[in-house]
Amino acid sequence: MTGHVPGQPGLPPGDRRSKILSGGEPGARSVQIAVASTVIFFTVVAVLVVNSPGWAAIKQAFFERDVLRESVPEIVRAFGKNVFIFMTAEAIVLVWALFLAVLRSLPGPVFAPLRLLAIGYTDLFRGLPTILVISLLGFGMPALQLQGLPTSEFFWAIIALSLVYSAYVTEVYRAGIESVHPSQIAAARSLGLGRWQAMRFVVLPQAVRRVMPPLLNDFIGLQKDSALVSVLGVVEGLQTANILTQRAFNFSPFVALALVYLVITIPQTRFVDWLVERDRRRRQAGSTV
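Each number in this note's numbering corresponds to the 1-based position in the sequence shown with 30 added.
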């Protein structure tokens, strides 16, 4: 049997959207009611906002058309630094967090010091606010004036973001590693693979595939937190929006920056949702075989 039951996983994209609108209730009438109620709700909200006493001032302060039009090109150019920051940090996090997760998963008492170091690292950087780590490294490390130590705030901003997000991604990787059944390792060892070979060729491929959705969610958070480097004086998107705001005495540049972030993050969020849905369909299909 290969047919799909209406409202169940495996539906084409259009039917899945209908299911979201109808809340799981079958039938075209449910979709029509959902669409009508959604349109009415947002229309009422828009009418209330537009007719509120302070809307004219808010519109002038945050949605000034001329300021928005002039701000977008400068913000987009400056946002290139944000792109470089989070792309570089993501590459570091992918490798460093996986290394820490493997260390934390090492069995036996002889590896206890390594496991403790990995646990201490994740506890430390998950317990500190990201903006505090950026400030401590960005202002503190250059002040040491050590020979050969970089003094660029740009460099230390990337390092700070990498350290913080590696702590979170380590736990994501570890959850994926622990989700692989021990019988997989036993089967690999019975085929003559060593412990490290079993980890590399059997456990890690399965673990990484299972944690892709939460991994991408963390990277979306990293992209947004790249704006925090502005506290170091790095002229990226947020700092540029702040400069433009002070120049025009208007908050519209912040709205322009928000739109830039939304254009980048919303497609990625929908992609993560698609991955989660695909994984759920795959697991349910496997359980019915």
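Built from N, CA and C at the ideal position, the CB exists for glycine as well.
Keep in mind the model is a prediction, meaning the values are calculated, not measured.
Looking at the unbroken alpha helix (DSSP H) that takes in S260, where does it start and where does it end? Run containing S260: none; DSSP gives neither H nor E here.
Looking at C-beta atoms only, is the number of pairs between the segment 201-216 and the segment 138-147 that lie closer than 8 Å three or more? no
Can the beta-carbon of I161 be found closer than 8 Å to that of I115? no
I need the DSSP call for Q177, collapsed to helix, strand or coil. coil
Anyone know if the C-beta pair for S192 and V123 falls short of 8 Å? It is a contact, given that the beta carbons lie within the stated cut-off.
Quick check: the Cα distance between E307 and Q236, rounded to an integer number of angstroms? 18 Å
How would you label R134, buried or exposed, when you count the other beta carbons within 10 angstroms and need 16 or more for buried? buried
Nearest to F169 by CA position, among V77, L158, T181, T118, is which residue? T181
Closest residue to N280 among Q90, Q177, P83, F141 (Cα-Cα distance): Q90
At the level of alpha carbons, what is the spacing between V61 and L128? About 44 Å.
Just to confirm the assignment, what range does the alpha helix (DSSP H) spanning P143 have? 142-156
Please classify I105 as buried or exposed, where buried requires at least 16 other C-beta atoms within 10 Å of its C-beta. buried
Taking CB distances under 8 Å as the criterion, tell me whether I250 reaches chain C. Within the model displayed, chain C is absent; a lone protein chain is all it includes.
In three-state DSSP terms, what is N247? helix
Inter-stretch contact at 8 Å, needing at least 3 Cβ pairs: the segment 69-84 / the segment 248-267: These segments do not touch.
Please classify L292: does DSSP put it in a helix, a strand, or coil? helix
Specify the secondary structure class of E94 as computed by DSSP and reduced to three states. coil
Which runs of the alpha helix (DSSP H), 4 residues or longer, sit entirely within the segment 197-243? Fully enclosed alpha helix (DSSP H) runs of 4 or longer: 212-220, 225-228, 234-240.
Tell me which residue opens and which closes the alpha helix (DSSP H) that N272 is part of. 267-278
N81 - DSSP class collapsed to helix/strand/coil: N81: coil per DSSP, three-state reduction.
Three-state secondary structure (DSSP) at L128? helix
Alpha carbon to alpha carbon, what distance is there between Q177 and M171? 12 Å
Taking I294 as the reference, give the member of D96, V113, V65, T270 with the closest Cα. V113
Chain-order list of residues whose beta-carbon lies under 6 Å from that of L98 (same chain, five-residue window excluded): S282, A286
Going by the beta-carbon positions, is the gap between Y203 and V241 smaller than 8 Å? yes
Whole angstroms is fine: what's the gap from F92's alpha carbon to G84's? 12 Å
If you check the beta carbons only, do Y195 and A119 fall under 8 Å apart? yes
Close Cβ partners of E94 (< 7 Å) along its chain, the five nearest in sequence each way excluded: N280, S282
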